[in-house]
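Read the structure below first, then the notes.
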Amino acid sequence: MQDGAHFGDDRVIPRSFPTAWPPRSPDLGPCDFWLWGFLKDRVCGGNIRTLPELKASITRHVSAIDRETFRTTIEYALVRFEHVLDADGMRIEHML
Numbered sequence: 062m063q064d065g066a067h068f069g070d071d072r073v074i075p076r077s078f079p080t081a082w083p084p085r086s087p088d089l090g091p092c093d094f095w096l097w098g099f100l101k102d103r104v105c106g107g108n109i110r111t112l113p114e115l116k117a118s119i120t121r122h123v124s125a126i127d128r129e130t131f132r133t134t135i136e137y138a139l140v141r142f143e144h145v146l147d148a149d150g151m152r153i154e155h156m157l
């Protein structure tokens with residue numbers, strides 16, 4: 062490297078981290094399979110011109126989500142987790 066810094070794999074987490082860590086799967090995150098699409102449909106339909114307006118709109122829409130919707134989303138997440146386990150961590154879109 063140009064600055065003389067050492068580059069090696071001794072700091073790579075999988076080589077030194079004692080716990081097996083599952084790969085990042087969009088199938089496992091409720092935000093990935095539900096929340097972002099839900100918010101995009103509501104937030105992007107408005108006339109937002111600035112970052113503060115965008116943040117306020119996102120906050121307003123998230124705050125307006127009712128408890129039943131969150132409960133249903135969590136129940137559906139549990140079903141998705143089961144499918145990911147059944148598929149040995151592979152993608153599950155074909156199972157839904």
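Residue numbers (this note's numbering): 62 to 157.
The C-beta atom is built at its ideal place from N, Cα and C for all residues, glycine as well.
Just so you know, these numbers come straight off a predicted model, no measurement behind them.
- Task: Would you kindly work out how many angstroms separate the C-alpha atoms of H144 and I126, rounded to a whole number?
- Result: Cα atoms of H144 and I126: separation of roughly 26 Å, rounded to the nearest angstrom.
- Task: May I ask which residues mark the beginning and end of the alpha helix (DSSP H) holding D102?
- Result: Segment 97-104, the alpha helix (DSSP H) holding D102.
- Item | Cβ-based burial, W82 [other Cβ within 10 Å; buried from 16] | Note on W82: pLDDT 46, under 50, position unreliable in the model; no value is reported.
- Just how far apart, CA to CA, sit I135 and I119? Here the alpha carbons of I119 and I135 stand approximately 20 Å from one another.
- Item | Segment limits, alpha helix (DSSP H) that includes A125 | From DSSP, A125 is part of no alpha helix (DSSP H); its letter is neither H nor E.
- So what does DSSP say about R141, is it helix, strand or coil? Assigned with DSSP and collapsed to three states, R141 falls in helix.
- Just tell me which of M151, F99, R141 has its CA closest to the CA of R121. By alpha-carbon distance to R121, the top candidate from M151, F99, R141 is F99.
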